[in-house]
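Residue numbers for the sequence shown follow our numbering, so the first one is 63 and each next one is one higher.
Even for Gly, the Cβ is constructed at its ideal location relative to N, Cα and C.
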Amino acid sequence: MQFTAKKSLGQNFLQDQEVARWIGDQVQPDDAPLVVEIGPGQGALTHFLLGRPKKLVLVEKDDELADALRIRFKDRTDVELRREDATRLDMRPWYKHGGVKVVGNLPYSVGSEILRVMTTPPTPVTCAVFMLQKEVCQRLAATIDSDSYGALSILVQADWNVEFLRVVGPEVFIPRPRVDSAVIRMTPRKPGSLPVCDRAIFHRLVRAGFSQRRKQLKNLLPEVPHGGWEALASSLKASLTTRAEELTLAQWVDMARWYEGRRDADKGQKASEMFDVVNDANEVIGQKTRGEVHATGLKHRAVHVFVFNKHGDVYLQKRSHLKDVHPLVWDSSAAGHLDVGESYAACALREGKEELGIDLEMTTKAADIPATERTGMEFVELHTAHHNGPMRYAPDEIDCGEWFKPAVVGEWVNTRPQDFATGFIECWRAWEAANP
Ligand code: SAM
Numbered sequence: 063m064q065f066t067a068k069k070s071l072g073q074n075f076l077q078d079q080e081v082a083r084w085i086g087d088q089v090q091p092d093d094a095p096l097v098v099e100i101g102p103g104q105g106a107l108t109h110f111l112l113g114r115p116k117k118l119v120l121v122e123k124d125d126e127l128a129d130a131l132r133i134r135f136k137d138r139t140d141v142e143l144r145r146e147d148a149t150r151l152d153m154r155p156w157y158k159h160g161g162v163k164v165v166g167n168l169p170y171s172v173g174s175e176i177l178r179v180m181t182t183p184p185t186p187v188t189c190a191v192f193m194l195q196k197e198v199c200q201r202l203a204a205t206i207d208s209d210s211y212g213a214l215s216i217l218v219q220a221d222w223n224v225e226f227l228r229v230v231g232p233e234v235f236i237p238r239p240r241v242d243s244a245v246i247r248m249t250p251r252k253p254g255s256l257p258v259c260d261r262a263i264f265h266r267l268v269r270a271g272f273s274q275r276r277k278q279l280k281n282l283l284p285e286v287p288h289g290g291w292e293a294l295a296s297s298l299k300a301s302l303t304t305r306a307e308e309l310t311l312a313q314w315v316d317m318a319r320w321y322e323g324r325r326d327a328d329k330g331q332k333a334s335e336m337f338d339v340v341n342d343a344n345e346v347i348g349q350k351t352r353g354e355v356h357a358t359g360l361k362h363r364a365v366h367v368f369v370f371n372k373h374g375d376v377y378l379q380k381r382s383h384l385k386d387v388h389p390l391v392w393d394s395s396a397a398g399h400l401d402v403g404e405s406y407a408a409c410a411l412r413e414g415k416e417e418l419g420i421d422l423e424m425t426t427k428a429a430d431i432p433a434t435e436r437t438g439m440e441f442v443e444l445h446t447a448h449h450n451g452p453m454r455y456a457p458d459e460i461d462c463g464e465w466f467k468p469a470v471v472g473e474w475v476n477t478r479p480q481d482f483a484t485g486f487i488e489c490w491r492a493w494e495a496a497n498p
């Protein structure tokens, strides 16, 4: 039966085998644990992806096309067809694969939205190759010297390196689109390549600054704290009449830091912080600095908090690259050392406030975990608490955070323990044992 392309689903099917093969190669699918193709349609790109990654997931919204693909790949155990709207994908179960590569000739209608959903942190995606309208690709990849440079360039490039790979003309599609397409590749920006800042403030400032492109920034920004616009412009080494498009990504980050009052260069925890040192029975025997405690492996105390929401999902944080131990791995909602003389319960509330920006009314002790190398010689009390968010996490402590179904965490911990702080795994096992 003849298939009629649906304009509402942005169906322009690629006919050129060489272009399809080339796009597939750009995501470097060979031996990847998981490649996801968005909008496989009639399988033009799929053909060149088959058999290359360990697993290939196809996400297609169109019932008719999805049925045809399901029949075509019914005998392949390495291909999974999902008849789903890619703007509503739940990618959290994919973390357990350890890096997801995404590729797609995206439908024009919702291409930008699919890109946003798949690449807004936190995301398991580690490489994305997308074909979109040329003009959108230009904006995504633009730097300050380009006419296409704007809010989209800055917001996306804060997290991603964007490469503009090539232009693809309308003649290689049926039906022909009205405009040129292009292909971009996105890979995560190296952690620490920009100073940290509060993401919500950064987004708000960029949006406000670009809301009226021709206007000077001083008339668009919210009231500038700490000495007003003159002081901020001078610290950015920008002129008083600067417009949004005249500031680089790094200057926008510095502006967000200015609003936060974040003056000092990023640094990890203070080696001079004081902790109680304890004996094998977890009794206090003295006080030492953080530096001494960690360097000599002395036993001390810490609390971990699992925050659950009303759906029973648990909030996990990815530790900042600035952490001196276990940087950039996933951890409990909040965790930290007890201050000298502090109780576990008081520390749990304090960490909720300091790390997540939330006021927990109370926490409940869920487990005692003995001090071992896996906990970093910490006697840990695991506490649980309830909060529905939103979290306003400290960007120098936490890279990002996400709510997860406990079953998803359980599978992920089993398949990729290297993605987690070892102390968290001890806590998770204790929690699972108590909540079978
Ligand atoms: N990959 C095929 C190719 O290159 O010939 C098809 C590309 S076509 C531009 C876009 C595809 O995305 C279509 O198959 C369309 O049905 C599908 N699609 C449209 N909206 C979608 C959505 N929200 N989620 C998943 N797929 C979608």
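Nearest CA to the CA of residue i: which residue from the options?
i: Lys123; options: Ile176, His159, Lys163; result: Ile176
i: Glu146; options: Val162, Phe226, Val121; result: Val121
i: Thr185; options: Trp465, Asp342, Leu384; result: Trp465
i: Pro155; options: Thr477, Ala496, Glu488, Ile487; result: Thr477
i: Pro102; options: Asp92, Gln73, Lys117; result: Gln73
i: Ile431; options: Val346, Arg363, Ile216; result: Arg363
i: Met273; options: Glu292, Leu214, Val179, Arg251; result: Rather than Met, the amino acid found at residue 273 in this sequence is Ser. The shortest Cα separation from Ser273 among Glu292, Leu214, Val179, Arg251 belongs to Leu214.
i: Lys158; options: Pro498, Thr484, Val471, Val164; result: Val471
i: Met43; options: Thr181, Val245, Met153; result: This structure gives no information on residue 43, because the portion of the chain shown stretches from 63 to 498.
i: Ala130; options: Phe65, Ser301, Ala333, Val198; result: Phe65
i: Glu197; options: Arg275, Lys467, Ile133, Val241; result: Val241
i: Pro284; options: Arg132, Leu267, Pro232, Arg352; result: Leu267
i: Met153; options: Lys136, Ser174, Leu217, Thr182; result: Thr182
i: Asp328; options: Arg150, Val258, Pro239, Ala408; result: Val258
i: Ser70; options: Tyr170, Lys163, Ala82, Trp84; result: Tyr170
i: Pro91; options: Val165, Thr425, Arg324; result: Val165
i: Tyr211; options: Glu308, Ala312, Val119; result: Glu308
i: Thr425; options: Tyr406, Gly419, Phe441, Val442; result: Tyr406
i: Thr205; options: Gln195, Ala128, Val224, Ala357; result: Val224
i: Met439; options: Arg150, Val387, Glu413; result: Val387
i: His109; options: Met336, Gly353, Asp87; result: Asp87
i: Glu233; options: Ala94, Gln79, Gly271; result: Gln79
i: Asp125; options: Leu143, Leu298, Glu404; result: Leu143
i: Asp209; options: Pro498, Pro479, Arg275; result: Arg275
i: Pro239; options: Asp93, Lys68, Arg83; result: Lys68
Return the Cβ separation of residue i and residue j in integer angstroms, given the expectation that the two are a contact with Cβ distance under 8 Å.
i: Gln349; j: Val391; result: Not really, about 29 Å apart at Cβ, beyond 8 Å.
i: Leu107; j: Asn167; result: 6 Å
i: Ala396; j: Glu417; result: 4 Å
i: Leu422; j: Cys489; result: Between Cys489 and Leu422 the Cβ distance is about 17 Å, and since that is not below 8 Å, they are no contact.
i: His366; j: Phe264; result: Not quite, the Cβ-Cβ distance comes to about 29 Å (not below 8 Å), so this is no contact.
i: Thr310; j: Gln278; result: At roughly 17 Å, the Cβ-Cβ gap does not stay under 8 Å, so Thr310 and Gln278 are not in contact.
i: Arg34; j: Cys199; result: Nothing about residue 34 can be read from this structure; the chain reaches only from 63 to 498.
i: Ile216; j: Trp314; result: 5 Å
i: Asp260; j: Arg381; result: Not confirmed; about 17 Å, so no contact.
i: Trp474; j: Ala428; result: Rounded, the Cβ-Cβ distance is 20 Å, inconsistent with contact.
i: Val89; j: Lys163; result: 5 Å
i: Val355; j: Val346; result: Their Cβ separation, rounded to whole angstroms, is 13 Å, which puts Val355 and Val346 out of contact at 8 Å.
i: Met317; j: Leu282; result: About 12 Å separates the two Cβ atoms, so there is no contact after all.
i: His344; j: Gly451; result: In the sequence as displayed, the identity of residue 344 is Asn instead of His. Not a contact, Cβ separation roughly 33 Å.
i: Leu384; j: Gly463; result: With a Cβ gap of about 15 Å, Leu384 and Gly463 do not count as contacting.
Taking only beta-carbon atoms, is residue i less than 8 Å away from chain D?
i: Ala496; result: Protein chain content of the structure displayed is limited to a single chain, and chain D is not contained in it.
Which of the three DSSP states, helix, strand or coil, is assigned to residue i?
i: Val470; result: helix
i: Glu285; result: coil
i: Ser215; result: helix
i: Lys533; result: The structure shown has nothing for residue 533, since the chain only spans 63 to 498.
i: Cys259; result: coil
i: Glu494; result: helix
i: Met453; result: coil
i: Ala483; result: coil
i: Arg305; result: strand
i: Val387; result: coil
i: Ala106; result: coil
i: Asp338; result: strand
i: Gln200; result: helix
i: Leu96; result: strand
i: Gln79; result: helix
i: Gly463; result: strand
i: Thr477; result: helix
i: Val191; result: strand
i: Val119; result: strand
Is the closest heavy atom of the ligand MG to the C-beta of residue i under 7 Å?
i: Lys123; result: Annotation note on the ligand MG: not contained in the displayed structure, which lists the ligand SAM as its ligands.
Taking only runs that begin and end inside the region 127 to 181, name each unbroken beta strand (DSSP E) of 3 or more residues, in chain order. 141 to 145, 162 to 167
At what residue ranges does the region 392 to 450 contain a whole run of the beta strand (DSSP E), taking only runs of 3 or more? 396 to 399, 426 to 431, 440 to 448
May I have a chain-ordered list of the beta strand (DSSP E) segments no shorter than 3 residues that lie completely inside the region 343 to 382? 346 to 351, 362 to 370, 376 to 381
Hey, which unbroken runs of the beta strand (DSSP E) at 3 residues or more fall wholly within the region 224 to 282? Counting only runs of 3 or more, we get 243 to 250.
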